[in-house]
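The structure appears below as structure tokens.
Numbering (full-length UniProt numbering), first residue to last: 1 to 654.
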């Protein structure tokens, strides 16, 4: 089929394909179009090139000339890769360079949308696909294949205008620019160029174990439940819960296996327990290393990974005062240790008349994290044992006994009170005593001690953890850990003037000269009292005797010598089981002539057996509710007072 000009139809198709074949064909078509237009107007001699393409360019119809006008378009992002014919290495390099050049010019100059060499100019509205084969002549196919810069010199269209000199110059410029691109350098020119585009690379690997050691310990999961993830997915299908692994992984959140497993459970965030473990567990009998034992090694390691418990032991002679301190925080919760202790044991001599009020104040100060495990009294001797509420399940039944050291047993101002129980596999004995007073009555105080260790009948029902090391004549040998505290009434063997001069010379914590005259230190070194007991180093001033409400020692006519009457001593069946952390007094409480004395300990624990009488979580519930209610009420009153103070203004007239 032929056109009105006499040319075959396939020649026009081949021409269109060669124009769309690449950037070089655009340049060739543009030059050829200008040459054909000039020859048609009668300017210059006709071309002597006898190729079909040059003859076609001379006789192009007006429709094709209109379509070959330069049209500027907005650069589009590169299309997705599609199947096409295999291209040579030179053709691939040319395409990459053209896309990079176009993107640079469009970013540096938004007003200039067309490329400098016409690579983005469209020769036809709908260019045909490159990958198709057409029945055009071999010349047309050859031109479409040669789309690299090296093919410019061999193109016959390039020779029709300017010969090989202009086209070779242009090719050399393109080659130099393309070589700079391959070397990672920017293009030379007046316009700013972007830096080299780096290929996307994968991020460096990151450690997924982001949980701290304390978090892993606190959220540890049972060793027999490590496969709970797969088990729960098949049985309960809770993988879509807010704390499941699928949510954490889907959001790209880093997680740790132990911390994630500890958050998962069938119904709560507690550690999961298998039904078969509940069936096999016995709370009445158990082995020391049994996996299901309540007092066993697994439960002990769960709550105490280092197997050490913190214990607060305090003694205070209240002198029978009805008035209680306004605030007990400095006494029970000193600021030196960062954390509160696991157990609080407070012994009182000459206690206040209202013992219940005293216990409520203790509960109010310690707050809802602690419960009163047991309290006992012997006359005006009080003892209260508070423990963290989540630890009451690991205590045995609590037992207590009393001893009166007075000749008349009805007068219970002097004597001893003991409380004992087993915690996991470690037995504890706490004794508070009030020995005979008087500067020279050292022997009477030793008699009080001997009577106490012989007459205190403990334990009663709770079995001894090591009966082979026990003695029937000494109660302190029948327990693993023993703490004895109280008003022992041992004095300083020195006159008042000498003691005052030593205190004035060393106003801070250097009291070593005073301890050289201490009666208790001397008797313990001889082994006549508190056999096997130890005492932490003393770095505080004597706790007796003060003027009530003041920091001065006795200013009455008796002029009593300041002394270390209030003490805390301890002993253990096993070496280094008890470590003294702090030993001090509380000088801010001034409602008595004695200052409270307290000590902080770290005590090693051992696993136990379930065949002991358990307390089963018993505690003083009524006291707990009263103390928490009063704590809340006082806090609300305090906030209301602060609010009133801020809202009110006081004017003073001078």
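Where a beta carbon is used, it is the ideal one built from N, C-alpha and C, also for glycine. Predicted model only: the values in this text are computed from it and were never measured.
Q) Below 8 Å between beta carbons: does that hold for residue 372 and residue 619? A) yes
Q. Under a Cβ-count criterion, where at least 16 other Cβ atoms within 10 Å of its own Cβ denotes burial, should residue 300 be classed as buried or exposed?
A. Result: buried.
Q.
Please report the distance separating the alpha-carbon of residue 376 from that of residue 315.
A. 15 Å
Q | For residue 500 and residue 506, the rounded distance between their alpha carbons | A | 10 Å
Q) To the nearest angstrom, how far is it from the Cα of residue 235 to the Cα of residue 348? A) With a pLDDT of only 47 at residue 235, under 50, the local geometry of the prediction cannot be trusted, and the value read off the model is given with reservation. The straight-line gap from Cα to Cα measures roughly 56 Å.
Q) For residue 478, which residues of its own chain have a beta-carbon under 6 Å away from its beta-carbon, when the five flanking residues on both sides are left out? A) 464 and 470
**Q.** Bridge partners - residue 346, DSSP secondary structure assignment
**A.** 314 and 384
Q) What number of angstroms, rounded off, separates the C-alpha of residue 392 from the C-alpha of residue 333? A) 21 Å
Q: May I ask you to report which of helix, strand or coil DSSP gives residue 635?
A: helix
Q. Touch check for the stretch 379-390 and the stretch 604-614: three-plus C-beta pairs under 8 Å?
A. no
Q: Pick helix, strand or coil for residue 566, following the three-state DSSP scheme.
A: strand
**Q.** Residues that residue 582 bridges to, as DSSP identifies them
**A.** 600
**Q.** Three-state secondary structure assigned by DSSP to residue 523
**A.** helix
Q: Can you say whether residue 633 is buried or exposed, counting buried as having 16 or more other CB atoms within 10 angstroms of its CB?
A: Residue 633 should be labelled exposed.
Q | Cβ neighbour criterion (16 or more within 10 Å) applied to residue 399 | A | By the 10 Å Cβ count, residue 399 comes out buried.
Q: Could you spell out the range, first to last residue, of the alpha helix (DSSP H) harbouring residue 331?
A: For residue 331, the enclosing alpha helix (DSSP H) begins and ends at 329-332.
(Q) Less than 6 Å between C-beta atoms, sequence neighbours within five positions excluded: which residues of the same chain meet that for residue 630? (A) Hits under 6 Å: 364.
Q.
For residue 639, count the other beta carbons within 10 Å of its own beta carbon; 16 or more makes it buried, fewer makes it exposed. Which is it?
A. exposed
Q: Between the Cα of residue 452 and those of 427, 461, 573 and 418, spot the shortest distance and give me the residue it belongs to.
A: 418
**Q.** Whole-Å CB distance - residue 623 paired with residue 359, under 8 Å assumed
**A.** 6 Å
**Q.** Whole-Å CB distance - residue 384 paired with residue 362, under 8 Å assumed
**A.** 6 Å
**Q.** Host beta strand (DSSP E) of residue 399 (start-end)
**A.** Where residue 399 is concerned, the enclosing beta strand (DSSP E) stretches over 399-404.
Q | Backbone secondary structure at residue 323 - three-state DSSP | A | coil
**Q.** Top-ranked residue by Cα proximity to residue 582, from 335, 564 and 380
**A.** 335
Q. Which term fits residue 574, buried or exposed, when burial requires 16 or more other beta carbons within 10 angstroms of its beta carbon?
A. exposed
Q. Does the Cβ-Cβ distance between residue 327 and residue 603 come in under 8 Å?
A. no
Q) When DSSP labels each residue in this structure, what does residue 482 get in the three-state scheme? A) If DSSP states are grouped into helix, strand and coil, residue 482 belongs with the strands.
Q) What does DSSP give as the partner residues of residue 415 in its beta bridges? A) 404 and 434
Q: Could you check what DSSP says for residue 377 in three-state terms: helix, strand or coil?
A: Strand.
Q. If you draw a straight line from the C-alpha of residue 528 to the C-alpha of residue 642, how long is it?
A. 57 Å
Q | Limits of the alpha helix (DSSP H) - the one that residue 500 falls within | A | 496-505
Q: Evaluate residue 541 with the Cβ neighbour count: other Cβ atoms within 10 Å of its Cβ, from every protein chain shown; 16 or more gives buried, anything less gives exposed.
A: Only buried fits residue 541, as 16 or more other CB atoms lie within 10 angstroms of its CB.
Q.
Cutting at 7 Å between CB atoms, please list the residues of its own chain near residue 560, excluding the five before and the five after it.
A. 545 and 554
Q: State yes or no: is the beta carbon of residue 571 nearer than 8 Å to at least one beta carbon in chain B?
A: As a matter of chain content, chain B is missing from the structure shown, which is built from one protein chain.
Q) residue 270 to residue 626, Cα distance in whole Å? A) Each residue's alpha carbon lies about 29 Å from the other.
Q.
Taking only three categories from DSSP, how would you classify residue 309?
A. strand
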